[in-house]
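Student:
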Amino acid sequence: MNTVASGDEPMPKAALNTEMVVDQRFLPVADLFFRMFDKPGQGGGAIAAYLHGEPVLDVWAGWADKQRRWASDTIVLSFSTGKGVASTVLHRLAERDLVSYDAPVEQYWPEFGAAGKGSITVRELMSHRAGLHKARGLVPGRFGLLDSEKVAAALAASPPDPRRLTGPGYHAVTYGNLVAEVAARASGVPFQDLVRQEIAEPLGAEEFGAAEFWYRVPPEQRHRIARVFPKVNFLPAPWATAGAVMSRMPGIKGLAEAGMAEGFDEVMRSPRAHDAVMPGWNGVFTARSLARMYGALANGGALGDASGTGNGGHRLLKEETVEQLLEVQTRRRDYVLGFRPNWRLGYHPAWVAVRQQPLRSIGHYGFGGSGAFADPETGLSFAFVTNRMGNAYTTISDGRFPRLGAAAVTAARRA
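So the sequence shown is numbered by my numbering: it starts at 53 and just counts up by one.
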């Protein structure tokens, strides 16, 4: 492991993808992380952080599977963490006026205007107010959700949920398909190519060993994927039974509609998920790649030289765009989640458990425990990926991301 003496002495670029990086100011964060992975049953993971555009953490530990240790190049399915990456693609297009936040979605995707959706705007879609949260029953077949063309056609034909007029409803599975279709229609470029062109290349990700922004994972890279375990179904009943029962229960009906499509537990475990482009849930990343993207968002849209030219600078978004991303779009209660997420344009707050919540932060949490965020107040970005989904009692999370994120914010404030 290499320890950087201070934030003024970043690690050489060539070392970032082969050697661990720990700035001494972030040693408590690294110590907390390493204590989480003592034995194979705890799985493995990685964390990475940027402070004022420079890498201060890049460490990994544990096991990718029972026979393989987590390595510097291990990648892992990170579920809804990928929503933040997909949203950033659309913001890049908006900067070039290929998309307008306040334009009707049907302007770019004419079929979307069916069933009374003609007035729904891109801004509403990106803040989960399109009323298209339902994944359950959307397309037929246990693997139907992996056919992005069928999913897009079904969403275009679907009527919006009337509850959208009273508040947001988290589009747990469908959000990525909606954003990807708008982006592809507006640009004329397939979404997976857009991810490379609009995220990886502007960030110089290849140069920094952080090019892993994938939804459809290249076949030659799949040997690097960590095995997700121990389970996907966090309920005492079989997935199909639990989903059917929950979909008829007031109060939690929305959760079943949004995230418990028939057979989805099987879909999430299947290697076939890596053949699809489903940006709402099937993103595969390293912590390093996520922290690099959010590192730009935490620093006015750029890494290195703020102009984005010379001295290794990389500009992802304009400063004024980042300011728009930090604005809360709706403070109303989310009818799927049951609380107030304060949605931004494709992101939520960091949700880290610190005394002074970084309220202007943006990021996205993933089912099972992964997550990444940017905190412009401190200039910090932080990312955590793992293959260990929750604990013995719940798949949703065991609090590792909030604990690590809180420690990172504390370290950044003291730096």
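Even for Gly, the Cβ is constructed at its ideal location relative to N, Cα and C.
In this text the structure is predicted, and so the values were computed from the model without any measurement.
(1) What are the partner residues of residue 334, as DSSP defines its beta bridges?
(2) Can you give me the C-alpha to C-alpha distance between residue 363 and residue 355, rounded to a whole angstrom?
(3) Using a threshold of 8 Å, state whether the C-beta atoms of residue 457 and residue 450 are closer than that.
(4) To the nearest angstrom, how far is the alpha carbon of residue 219 from that of residue 428?
(5) Residue 426 to residue 308, Cα distance in whole Å?
(6) Would the segment 192-203 count as touching the segment 322-340 if we require 3 or more Cβ pairs under 8 Å?
(7) In its own chain, which residues sit with a C-beta less than 7 Å from the C-beta of residue 166, not counting the 5 before and 5 after it?
(8) May I ask you to report which of helix, strand or coil DSSP gives residue 363?
(9) Does the beta-carbon distance from residue 226 to residue 177 come in below 8 Å?
(10) Whose CA, out of 394, 392, 319 and 410, lies closest to the CA of residue 131?
(11) Ends of the alpha helix (DSSP H) at residue 307?
(12) List the whole-angstrom C-beta distance separating residue 411 from residue 222, where the pair is believed to meet the contact cut-off of C-beta under 8 Å.
(13) Does DSSP put residue 302 in a helix, a strand or coil?
(14) Under 8 Å: do the segment 119-136 and the segment 147-155 share three or more Cβ pairs, one atom per stretch?
(15) What are the residues that DSSP puts in a beta bridge with residue 426?
(16) Would you decide whether residue 61 is buried or exposed? Buried here means 16 or more other CB atoms lie within 10 Å of its CB.
(17) Quick one: what does DSSP say residue 154 is sitting in, helix, strand or coil?
(18) Does the segment 245-254 come close enough to the segment 103-121 to have 3 or more Cβ pairs within less than 8 Å?
(19) Would residue 255 be called buried (16 or more neighbouring beta carbons within 10 Å of its own) or exposed?
(20) Return helix, strand or coil for residue 185, following the three-state DSSP convention.
(21) Roughly how many angstroms lie between the CA atoms of residue 258 and residue 251, to the nearest whole one?
(22) Can you tell me whether residue 88 is buried or exposed? The criterion is at least 16 other CB atoms within 10 Å of its CB, across all chains shown.
(23) Please list, in chain order, all residues of the same chain as residue 140 whose beta carbon is under 8 Å from its beta carbon, the five residues on each side excluded.
(24) Terminal residues of the continuous beta strand (DSSP E) containing residue 80?
(25) Look up residue 470 in the DSSP assignment and say whether it is helix, strand or coil.
(26) Over what stretch of residues does the beta strand (DSSP E) that includes residue 74 continue unbroken?
(27) Using the three-state DSSP reduction, which class does residue 464 fall into: helix, strand or coil?
(28) On the DSSP bridge assignment, give the partners of residue 120 in chain order.
(29) Assign residue 58 to one of three DSSP states: helix, strand, or coil.
(30) Going by other Cβ atoms of all chains shown within 10 Å of its Cβ, with 16 needed for buried, is residue 312 buried or exposed?
(31) Tell me whether residue 272 is buried or exposed, calling it buried when 16 or more other Cβ atoms sit within 10 Å of its Cβ.
(32) Does residue 275 pass the burial test, meaning 16 or more other C-beta atoms within 10 Å, or should it be called exposed?
(33) State the Cα-Cα distance for the pair residue 228 and residue 234, rounded to the nearest angstrom.
(34) Confirm, please, whether the CB-CB distance from residue 265 to residue 322 is below 8 Å.
(35) Is the Cβ-Cβ distance between residue 154 and residue 133 less than 8 Å?
Tutor: Quick look at the numbers:
(1) 131
(2) In this predicted model, residue 363 has a pLDDT of only 46, less than 50, meaning its place in the structure is not dependable; the value taken from the coordinates is given anyway. Each residue's alpha carbon lies about 10 Å from the other.
(3) no
(4) 27 Å
(5) 30 Å
(6) yes
(7) 208 and 209
(8) Unreliable placement is indicated for residue 363, whose pLDDT of 46 sits below 50; the coordinate value is still reported in the next sentence. Residue state, collapsed to three classes: coil.
(9) no
(10) 319
(11) 305-311
(12) With a Cβ gap of about 20 Å, residue 411 and residue 222 do not count as contacting.
(13) coil
(14) no
(15) 414 and 433
(16) With a pLDDT of only 40 at residue 61, under 50, the local geometry of the prediction cannot be trusted, and the value read off the model is given with reservation. Label assigned to residue 61: exposed.
(17) coil
(18) no
(19) buried
(20) coil
(21) 11 Å
(22) buried
(23) 250, 251, 345, 349, 368, 369 and 398
(24) Run containing residue 80: none in the beta strand (DSSP E); it sits in the alpha helix (DSSP H), 79-86.
(25) In the structure as shown, the chain begins at 53 and stops at 467. Residue 470 is therefore absent and cannot be evaluated.
(26) 73-75
(27) helix
(28) 117
(29) Confidence in residue 58 is poor, its pLDDT being 39 and thus under 50, which makes the residue's placement too unreliable to answer from.
(30) buried
(31) exposed
(32) exposed
(33) 10 Å
(34) no
(35) no
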